[in-house]
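Worksheet: the structure to be examined is printed underneath.
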Amino acid sequence: MSAPVYNFAYLDEQTKRMIRRAILKAIAIPGYQVPFASREMPMPYGWGTGGVQVTASILGPDDTLKVIDQGSDDTTNAVSIRKFFVKTAGVETTTRTEDATVIQTRHRIPETALTENQVLVYQVPIPEPLRFLEPRETETRRMHALSEYGLMHVKLYEDIARHGHIATTYAYPVEVGGRYVMDPSPIPKFDNPKLSDSAALQLFGAGREKRIYAIPPYTKVKSLDFEDHPFEPYRHDAACELCGATHSYLDEVITDDKGGRMFVCSDTDFCEQRRAEGHAHVPDQNEAVHG
Amino acid sequence: MNNLSPFAAHPREGGGPEVKKQDLDSRFRGNERSMDPAYESQAAFRALMDCTARPGELRKLRGVSAPAPFAPATAALIQSLADYETPLWLDAAFAAEKKVADWIRFHCGAPIVREPGEAAFALIADAAAMPPLAQFSQGTAEYPDRSTTLLVQIESFAGTPFTLRGPGIKASREFAASPLPADFAVRMKENRALFPRGVDLVLVAGNDIAALPRSVAVEAR
Chain A
1 MSAPVYNFAY
11 LDEQTKRMIR
21 RAILKAIAIP
31 GYQVPFASRE
41 MPMPYGWGTG
51 GVQVTASILG
61 PDDTLKVIDQ
71 GSDDTTNAVS
81 IRKFFVKTAG
91 VETTTRTEDA
101 TVIQTRHRIP
111 ETALTENQVL
121 VYQVPIPEPL
131 RFLEPRETET
141 RRMHALSEYG
151 LMHVKLYEDI
161 ARHGHIATTY
171 AYPVEVGGRY
181 VMDPSPIPKF
191 DNPKLSDSAA
201 LQLFGAGREK
211 RIYAIPPYTK
221 VKSLDFEDHP
231 FEPYRHDAAC
241 ELCGATHSYL
251 DEVITDDKGG
261 RMFVCSDTDF
271 CEQRRAEGHA
281 HVPDQNEAVH
291 G
Chain B
1001 MNNLSPFAAH
1011 PREGGGPEVK
1021 KQDLDSRFRG
1031 NERSMDPAYE
1041 SQAAFRALMD
1051 CTARPGELRK
1061 LRGVSAPAPF
1071 APATAALIQS
1081 LADYETPLWL
1091 DAAFAAEKKV
1101 ADWIRFHCGA
1111 PIVREPGEAA
1121 FALIADAAAM
1131 PPLAQFSQGT
1141 AEYPDRSTTL
1151 LVQIESFAGT
1161 PFTLRGPGIK
1171 ASREFAASPL
1181 PADFAVRMKE
1191 NRALFPRGVD
1201 LVLVAGNDIA
1211 ALPRSVAVEA
1221 R
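Each protein sequence line maps, in turn, to chains A and B.
Just so you know, my numbering puts 191 at position 191 of the first sequence, and the rest follows in order with no gaps.
Just so you know, my numbering puts 1114 at position 114 of the second sequence, and the rest follows in order with no gaps.
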């Protein structure tokens, strides 16, 4: 055996035990960030080292893995992580949401509703929702201990004072199970309602910041808001130009250097399946002509 | 233990998904003396993860045979989760058997502590006589994760009926377990009141497990 070999799913067993213990605590205390001894991974911070460590610790030989980056199965980040687990764990992979048992995601929740047999693993850059308001870890930890979240509401209020509405569009803070305020990772706020009462277990891993947290299935997750400024998910007022979907999250894609652009589903698997079913874009008479 | 290395399933070693699944099935018959460190501990952990995410739901583990009073599933969970970082506390029934401590030291290298408050995991064989939950580490307000997880061995998931509510449970779930202390629901209520502090429980009956994390509300029916 001259070629380098890895333990199953790359991490050594002691590391997996440590991460697994952190995951169990995270599930028992929904929304609380459990510190863990994050390892250096063979990819840079910011590429999903937290998500990769969580996935490596839960993955078994019978799992089918799907990896998405901003909804897409075929971007560099998603392809690299998928290849990493094919190489180190030999697991089957898929791009179809309903065929996956473990889905690692960067910044999206799939459009297809998840089931009880699935686990969604988020890659998290900055797990602490209060970090930009209070830089000291000792202070944010105490604020969580005392449920002292007034500062977060002040931040949302300042949004309203400046812009007339809550201008936070992604990483929109949520309250989990009526206790902890949590950063849902930089998912668009369009996805926030899907965090609540999900049939699937949701795990969050932040490698650089060394935190793991979780939302168990069927847990109430509330996006923070005010009575007179209720939370509203945002989506571009358009239909997908490939599949015609009017209820999916859309990416704006620049198509040339003359102002040409198109809106397409951010979830590539969802869009492909709709097109396979025969859905197509029907141009609207009133729609502005692009370019 | 067996002559298949964890790498047998590795694509570069000529393994593949089909070969791998067949290997896993043919290698294990009943409860083993020890476990494959990579695959078996993953299976035990994953079952416990599912149970913790869905309090009161039962999962069957492929157990590990260990000295009495170890239940096969308790031994499997301890082997997959405990190591030199996790002090263990043993109740009187576990502590009375010298072989238990030897088995733990040999297989996990976990220190055994006298004070329940210092333990990461507590092993309880005599469920009806389990000590008050407050004797174990409850974590702190800042670090509620620094608490004890209790592995409580019972006879069966039948008998005293409870209703469970909370995260992981759609509406409510019927649950039963025995033997347990007569005031078990009261103890769990006090534990729930401490949230986010408190202890997490894993109940074990033979090869079956169920979890009652601190987030669950337990009501006697």
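Ideal Cβ positions, reconstructed from N, Cα and C, are used throughout, including at glycine.
*Can you find a C-beta in chain A that's less than 7 Å from the C-beta of residue 1081 of chain B?*
yes
*Could you check the C-alpha separation between residue 214 of chain A and residue 32 of chain A for me, to the nearest Å?*
8 Å
_Going by DSSP in three states, residue 77 of chain A sits in which element: helix, strand or coil?_
helix
*asked:* So, under 8 Å CB-CB, residue 1083 of chain B and residue 25 of chain A are touching, yes? Tell me the CB distance rounded to an integer number of Å.
replied: That belief does not hold up - the Cβ atoms of residue 1083 of chain B and residue 25 of chain A are roughly 16 Å apart, past 8 Å.
*Which two residues bound the contiguous beta strand (DSSP E) that contains residue 1287 of chain B?*
Because chain B here runs from 1001 to 1221, residue 1287 of chain B falls outside it and cannot be looked at.
_residue 104 of chain A, enclosing alpha helix (DSSP H) - first and last residue_ = Per DSSP, residue 104 of chain A belongs to no alpha helix (DSSP H); it is in the beta strand (DSSP E), 102-106.
*asked:* Starting from residue 301 of chain A, trace the beta strand (DSSP E) in both directions and tell me its first and last residue.
replied: Residue 301 of chain A cannot be examined here, being either before or after the span of chain A that is shown, 1 to 291.
*Assuming residue 41 of chain A and residue 260 of chain A form a contact by the criterion Cβ under 8 Å, report the distance between their Cβ atoms to the nearest whole angstrom.*
Not really, about 39 Å apart at Cβ, beyond 8 Å.
_Close beta carbons around residue 1075 of chain B, own chain, < 6 Å, minus the five adjacent residues each side_ = 1064, 1066
_Whether residue 1052 of chain B touches residue 1211 of chain B by CB criterion (7 Å)_ = In contact: residue 1052 of chain B and residue 1211 of chain B (Cβ atoms closer than 7 Å).
*Compute the Euclidean distance between the alpha carbons of residue 1152 of chain B and residue 1060 of chain B, then round it to the nearest angstrom.*
16 Å
*asked:* Taking the alpha-carbon of residue 1162 of chain B as reference, which of B:1093, B:1180, B:1134, B:1050 has the nearest alpha-carbon?
replied: B:1180
_Please state the DSSP three-state secondary structure of residue 7 of chain A._
Here residue 7 of chain A sits in strand by DSSP.
*May I have the straight-line CA-CA distance separating residue 122 of chain A from residue 1117 of chain B, to the nearest angstrom?*
34 Å
*Please check if any C-beta of chain A sits within less than 7 Å of the C-beta of residue 1023 of chain B.*
For residue 1023 of chain B, the pLDDT reaches just 47, beneath the cut-off of 50, and the residue's location in the model is therefore unreliable, leaving the point undetermined.
*Spell out whether any CB of chain A is found under 7 Å from the CB atom of residue 1070 of chain B.*
no
*Name the chain A residues that come within less than 7 Å of residue 1042 of chain B, Cβ to Cβ?*
60
*DSSP-derived helix/strand/coil call for residue 1097 of chain B*: coil
*In angstroms, rounded to a whole number, what distance separates the CA positions of residue 1095 of chain B and residue 1101 of chain B?*
Going by the C-alpha atoms only, they are around 7 Å apart.
*Report yes if the C-beta distance between residue 5 of chain A and residue 22 of chain A is below 7 Å; otherwise report no.*
no
*asked:* Less than 7 Å between the beta carbons of residue 218 of chain A and residue 1170 of chain B, yes or no?
replied: yes
*Taking only beta-carbon atoms, is residue 1170 of chain B less than 7 Å away from chain A?*
yes
*asked:* If the cut-off is 7 Å on Cβ atoms, which residues from the segment 195-219 of chain A count as contacting chain B, listed in chain order?
replied: Contact residues of the segment 195-219 of chain A toward chain B are 201, 216, 217, 218, 219 (C-beta to C-beta distance below 7 Å).
*Report yes if the C-beta distance between residue 8 of chain A and residue 89 of chain A is below 7 Å; otherwise report no.*
With a cutoff of 7 Å on beta-carbon distance, residue 8 of chain A and residue 89 of chain A are scored as near each other.
*Of all the CB atoms in chain B, is at least one closer than 7 Å to the CB of residue 230 of chain A?*
no
*Going by the CB atoms, is the gap between residue 140 of chain A and residue 148 of chain A shorter than 7 Å?*
no
*Count the other CB atoms within 10 Å of the CB of residue 239 of chain A; is the residue buried (16 or more) or exposed (fewer)?*
buried
_Taking the alpha helix (DSSP H) that residue 193 of chain A belongs to, which residues open and close that run?_
192-195
*Quick one: Cα of residue 267 of chain A to Cα of residue 1216 of chain B, how far?*
35 Å
*Under 8 Å Cβ to Cβ from residue 1207 of chain B, same chain only, skipping five residues before and after it: list those, please.*
1031, 1060, 1061, 1062, 1063, 1071, 1072, 1073
*Flag this pair as touching only if the segment 190-199 of chain A and the segment 155-164 of chain A have three or more C-beta atom pairs under 8 Å; answer yes or no.*
no
*Taking only beta-carbon atoms, is residue 1027 of chain B less than 7 Å away from chain A?*
Note on residue 1027 of chain B: pLDDT 43, under 50, position unreliable in the model; no value is reported.
*Can you tell me the Cα-Cα spacing of residue 1202 of chain B and residue 75 of chain A, whole angstroms?*
Going by the C-alpha atoms only, they are around 41 Å apart.
*Return the chain-ordered list of same chain residues with a C-beta closer than 8 Å to the C-beta of residue 1197 of chain B, the five sequence neighbours on each side being excluded.*
1138, 1139, 1140, 1141, 1144, 1147, 1214
*Would you decide whether residue 1149 of chain B is buried or exposed? Buried here means 16 or more other CB atoms lie within 10 Å of its CB.*
buried
*Min CB distance residue 1142 of chain B to chain A below 7 Å*: yes
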